[in-house]
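Chains as they are written, first to last, in the numbering used here: chain L, 1104 to 1354; chain U, 1104 to 1354.
Glycine included, every Cβ here is placed at the ideal spot set by N, Cα and C.
Being a predicted model, the structure only gives us computed values, none of them experimental.
Report on the structure given below.
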């Protein structure tokens, strides 16, 4: 069985302008690996309707599931929801349950036109609860629309995760060595990768106040294979006269 | 005159697996804005040859300049350089100047096959100096290939920047207010945006130990317009009974 694939669309001018450091990619990459739906691509795109519509349609055809973050608030630059409706060719309309939740939440007169936009969704949308700030996200087809604020997005993802058809979790095994140079271990490492074709064997230099080195990480769905590959890499490091240390280097 | 556009390709399984927090998007987004070549899209893609080749060709046709980070080291998963050659349909061959620099750098016998790959480039590549660790990046056509390690990437970008045809710098003006709610300022903000169509007016909630609020940021190439828009937003905040504070909220 092959794991289903995921794509993430980070929607928002603020990441593209450098104003905001993205904090959603790493979280979703990690969690999607854990539920066996590895993240295969991320696109960061601006709050431009034509770009959002085109990108949603291209990626939902190409990947098993598409997750979006950002652009579902009440302001003029929050256009993700209506763009997803346009991408699916369905009306963008009042969602009765979302509307009822928000109407209950706000004081009389405070559920204004801007906030009503957050209860307006593509026809057929299935709500993703928002335990932090009420206004829900939603799923339609294989597209899952979440908030951009990390705390809200994470809460939405945990609500959504049990509904997602995951696969075999992606696990990770690692070894590292201070003083190791990529250029010296590269040849042997390539041979280990060739013997473990189903694994993803990565080589990552690190630069720490305590010393520089290289970490070798094996990722895949077969823990025994990852351990066997890391055992071979450990032997390689010893043969180069360096001291292998199990796991990732401390932060 | 319209500013040239930029696209960034972050190449590497380590970002997609959640192992590594990206640190290159924000730096390049900021610097590209400063030189007047705003970043319009980012794609994070895996170390898969077909994906890299297809993405390079699609984006170099669509954007004025494409920057890549990652995948130019000596190990088996470093395939960016040969994929860029394939995308351009040119031979991937020894680059005499890169080769000479690296041969001088290493002790006799240490410039091995793995390291020689780092001096192998698409025919016609123009070097981007690497002041940190010797092995150069390169430009070919409108594609600029840089290292993934942030310290090296940043040094390469500063070498490259003077050769890039920039435009008018993107500037930013902001105002924020504790206790402000997006849902209350949204309508007025949309009207300000409509009056300043050439600006990008963004609304960003913040959550700080010292209090929550909203920051309104105007970005564009016309500083006077950005200041006028922020003055209008400041008046809006006052009219809502909140206290506007110039600039972004403190971190």
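Could you give the DSSP three-state label for residue 1241 of chain U: helix, strand or coil? Here residue 1241 of chain U is taken as the residue at index 138 of the second chain, counted from 1. Note: residue 1241 of chain U maps to strand in three-state DSSP.
Unbroken beta strand (DSSP E) run spanning residue 1144 of chain L, endpoints: Against the first chain, residue 1144 of chain L aligns to sequence position 41. First-last of the beta strand (DSSP E) with residue 1144 of chain L: 1142–1148.
So who's on the other strand from residue 1318 of chain U, going by DSSP bridges? The count along the second chain starts at 1 and reaches residue 1318 of chain U at position 215. DSSP output for residue 1318 of chain U lists U:1279 and U:1307 as bridge partner(s).
Can you give me the start and stop residues for the beta strand (DSSP E) that residue 1109 of chain U sits inside? Along the second chain, one-based indexing puts residue 1109 of chain U at 6. For residue 1109 of chain U, the uninterrupted beta strand (DSSP E) segment begins and ends at 1109–1114.
Using a beta-carbon distance cut-off of less than 8 Å, what residues from the region 1248–1259 of chain L approach chain U? Listed in sequence order: 1252 and 1254.
Whole angstroms are fine: how far does the CA of residue 1331 of chain U sit from the CA of residue 1294 of chain U? Working through the second chain from its first residue, we reach residue 1294 of chain U at position 191. Working through the second chain from its first residue, we reach residue 1331 of chain U at position 228. Their backbone Cα atoms lie some 14 Å apart in a straight line.
CB-CB length for residue 1177 of chain U against residue 1210 of chain U, believed under 8 Å: For the purposes of this step, residue 1177 of chain U is taken as the residue at position 74 of the second chain. For the purposes of this step, residue 1210 of chain U is taken as the residue at position 107 of the second chain. Not confirmed; about 16 Å, so no contact.
Among U:1338, U:1123, U:1201 and U:1108, which residue has its Cα nearest to the Cα of residue 1307 of chain L? Here residue 1307 of chain L refers to the residue found at position 204 of the first chain. Relative to residue 1307 of chain L, the option among U:1338, U:1123, U:1201 and U:1108 whose CA is nearest is U:1123.
Between which two residues does the beta strand (DSSP E) containing residue 1171 of chain U stretch? On the second chain, residue 1171 of chain U is found 68 positions in, with the first residue counted as 1. Segment 1168–1172, the beta strand (DSSP E) holding residue 1171 of chain U.
Members of the region 1305–1316 of chain U that neighbour chain L once the beta carbon cut-off is set at 8 Å: So the list reads 1305, 1306, 1307, 1308 and 1310, given in the order they occur along the chain.
Can you pull the DSSP bridge partners for residue 1378 of chain L? The structure shown does not extend to residue 1378 of chain L, since chain L spans only 1104 to 1354, so no value can be given for it.
Counting only the same chain and skipping the five closest in sequence on each side, list residues whose C-beta sits under 8 Å from that of residue 1182 of chain U. Along the second chain, one-based indexing puts residue 1182 of chain U at 79. Excluding residues within five positions, the ones whose Cβ falls inside 8 Å are 1150, 1152, 1155 and 1174.
Beta-carbon within less than 6 Å of residue 1202 of chain U's beta-carbon, same chain only, minus the 5 sequence neighbours each way: which residues are those? Numbered from 1 along the second chain, position 99 holds the residue referred to as residue 1202 of chain U. Excluding sequence neighbours, residue 1202 of chain U sits near 1222.
Residues that residue 1325 of chain L contacts on chain U, provided the C-beta gap is smaller than 9 Å: Locating residue 1325 of chain L in the first chain gives position 222, where the first residue counts as 1. Going along chain U, no residue has its Cβ under 9 Å from residue 1325 of chain L, so there is no contact; the nearest lies around 15 Å.
If you draw a straight line from the C-alpha of residue 1247 of chain L to the C-alpha of residue 1144 of chain L, how long is it? For this step, residue 1247 of chain L is matched to residue 144 along the first chain. For this step, residue 1144 of chain L is matched to residue 41 along the first chain. The straight-line gap from Cα to Cα measures roughly 15 Å.
How about residue 1120 of chain L: is its C-beta nearer than 8 Å to some C-beta of chain U? Taking the first chain and counting its residues from 1, the one referred to as residue 1120 of chain L is at position 17. With 8 Å as the cut-off, residue 1120 of chain L counts as an interface residue toward chain U.
Using the DSSP secondary-structure output, state which residues sit across from residue 1349 of chain L in a beta bridge. Position 246 of the first chain, counting from 1, holds the residue named residue 1349 of chain L. Residue 1349 of chain L pairs with L:1278.
Assigned exposure category for residue 1358 of chain L - 16 Cβ within 10 Å defines buried: Because chain L here runs from 1104 to 1354, residue 1358 of chain L falls outside it and cannot be looked at.
Any non-hydrogen atom of the ligand ADP closer than 7 Å to residue 1272 of chain U Cβ: Questions concerning the ligand ADP fall outside what the structure shown contains, since it holds no ligand whatsoever.
Taking residue 1343 of chain U as the reference, which of U:1283, U:1189 and U:1245 has the closest Cα? To locate residue 1343 of chain U, count along the second chain from 1; it is residue 240. Nearest C-alpha to residue 1343 of chain U: U:1283.
Residue range of the unbroken alpha helix (DSSP H) whose run includes residue 1272 of chain L: Taking the first residue of the first chain as position 1, residue 1272 of chain L is located at position 169. Element bounds for residue 1272 of chain L: n/a, residue is neither H nor E.
Along the region 1170–1202 of chain U, what residues have a CB closer than 7 Å to any CB found in chain L? Listed by position along the chain: 1176, 1177, 1178, 1179 and 1180.
How many whole angstroms separate the CB atoms of residue 1235 of chain L and residue 1258 of chain L, which I take to be in contact at a CB cut-off of 8 Å? Residue 1235 of chain L sits at position 132 when you count from the first residue of the first chain. Residue 1258 of chain L sits at position 155 when you count from the first residue of the first chain. Taking a contact as a CB-CB distance under 8 Å, the pair residue 1235 of chain L and residue 1258 of chain L counts as one, their CB atoms being some 5 Å apart.
Please determine if the region 1114–1131 of chain L and the region 1128–1139 of chain U are in contact, where contact requires at least 3 C-beta pairs separated by less than 8 Å. Yes, the region 1114–1131 of chain L is in contact with the region 1128–1139 of chain U.
Exposed or buried, which one is residue 1298 of chain L when buried takes at least 16 other CB atoms within 10 Å? Along the first chain, one-based indexing puts residue 1298 of chain L at 195. Using a 10 angstroms sphere on the CB of residue 1298 of chain L, the tally of other CB atoms stays under 16, which defines it as exposed.
Which ranges would you report for the alpha helix (DSSP H) in the region 1187–1214 of chain U if only whole runs of at least 4 residues count? Fully enclosed alpha helix (DSSP H) runs of 4 or longer: 1199–1208.
Residues within the region 1207–1218 of chain U neighbouring chain L, beta-carbon criterion of under 7 Å: Residues passing the 7 Å Cβ filter: 1215, 1216, 1217 and 1218.
Can you list, in chain order, the residues of its chain whose CB lies under 8 Å from that of residue 1264 of chain L, leaving out five sequence neighbours each side? In the first chain, the residue the question calls residue 1264 of chain L occupies position 161. Around residue 1264 of chain L: 1134 and 1138.
I need the straight-line Cα distance from residue 1205 of chain L to residue 1339 of chain U, nearest angstrom please. Indexing the first chain from 1 puts residue 1205 of chain L at position 102. Indexing the second chain from 1 puts residue 1339 of chain U at position 236. Near 25 Å, if we compare the C-alpha coordinates of residue 1339 of chain U and residue 1205 of chain L.
Which residues of chain L have a Cβ atom closer than 8 Å to the Cβ of residue 1336 of chain U, listed in chain order? As a first step, residue 1336 of chain U must be located in the second chain, where it is residue number 233. Ordered by position in chain L, no residue passes the 8 Å Cβ test against residue 1336 of chain U, which lies about 12 Å from the chain.
Below 8 Å between beta carbons: does that hold for residue 1262 of chain U and residue 1167 of chain U? As a working note, residue 1262 of chain U is residue 159 in the second chain. As a working note, residue 1167 of chain U is residue 64 in the second chain. It is not a contact, given that the beta carbons lie outside the stated cut-off.
Residue 1224 of chain L lies in the beta strand (DSSP E); which residues open and close that run? Walking along the first chain from the start, residue 1224 of chain L turns up at place 121. First-last of the beta strand (DSSP E) with residue 1224 of chain L: 1223–1225.
The beta strand (DSSP E) with residue 1248 of chain U in it runs from where to where? Looking up residue 1248 of chain U in the second chain gives position 145. Start and end: 1246–1249.
If you pair each beta-carbon of the region 1238–1246 of chain U with each one of the region 1183–1194 of chain U, do three or more pairs fall below 8 Å? Touching, per the Cβ criterion.
From which residue to which residue does the alpha helix (DSSP H) around residue 1135 of chain U run? Position 32 of the second chain, counted from the start, is the residue given in the question as residue 1135 of chain U. Residues 1128–1137.
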